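Q: Just so we're aligned: the sequence shown equals residues 1 to 111 in the UniProt record's numbering.
Backbone N, C-alpha and C fix where the C-beta goes; we use that ideal spot for every residue, glycine too.
In this text the structure is predicted, and so the values were computed from the model without any measurement.
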Amino acid sequence: MAGLVPAIHVRQHATMHGGWVYILASAANGILYVGVTNDIVRRIYEHRNGLVPGFTKKYGVKLLVYFERYEDIQTAIQREHNIKHWSRTWKVRLILKDNPEWKDLYDTITQ
1 MAGLVPAIHV RQHATMHGGW VYILASAANG ILYVGVTNDI VRRIYEHRNG
51 LVPGFTKKYG VKLLVYFERY EDIQTAIQRE HNIKHWSRTW KVRLILKDNP
101 EWKDLYDTIT Q
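1) Can residue 114 and Y22 be called in contact, C-beta distance under 8 Å?
2) If distances are taken between C-alpha atoms only, which option among Q111, K58 and S26 comes closest to L64?
3) Just the Cα atoms here: how many angstroms apart are L94 and R42?
4) Roughly how far, in whole angstroms, is the beta-carbon of G19 from the beta-carbon of Y66, given that I think they are within contact range, below 8 Å?
5) Measuring alpha carbon to alpha carbon, tell me which of I109, N29 and I44 ends up nearest V36.
6) Provide the residue span of the beta strand (DSSP E) that contains L96, from first to last.
7) Could you pull the DSSP bridge partners for T37 from this structure?
8) Reducing DSSP to helix, strand and coil, say where E101 ends up.
9) Could you tell me which residues DSSP puts in a beta bridge with A25?
10) From the DSSP secondary-structure annotation, give me the bridge partner or partners of Y45.
11) State the Cα-Cα distance for the pair P100 and T108, rounded to the nearest angstrom.
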């Protein structure tokens, strides 16, 4: 399942086996970060609150603009690896396909 997922679906699967690939942005069309996790709610909370040292904290990359869920963590890790090697243009197209307004999707995964 890719892109926007109903909030109830996210809550039911947030910590199940498998994984999530996500893209954070500093602002609309801003700096991008691609990550992978087995618990998307926890991981995005950590990014948003500056609990993760490194790139996202340094550049203020906190807006959840895209995510995908995978049944298998290895598949999620491979997908993250692939997306990280895409051009910025391809990443932006992926975001725009489901989130053309660059809305912060954090509330959709925590409601």
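A: Short version:
1) Residue coverage of the chain in this structure runs from 1 to 111, which leaves residue 114 outside it and unanswerable.
2) S26
3) 23 Å
4) Incorrect: roughly 15 Å between the Cβ atoms, too far for contact.
5) I44
6) Unbroken run through L96 is the alpha helix (DSSP H), R88 to D98; no beta strand (DSSP E).
7) W20
8) coil
9) L32 and L63
10) Paired residues: none, contrary to the question.
11) 16 Å
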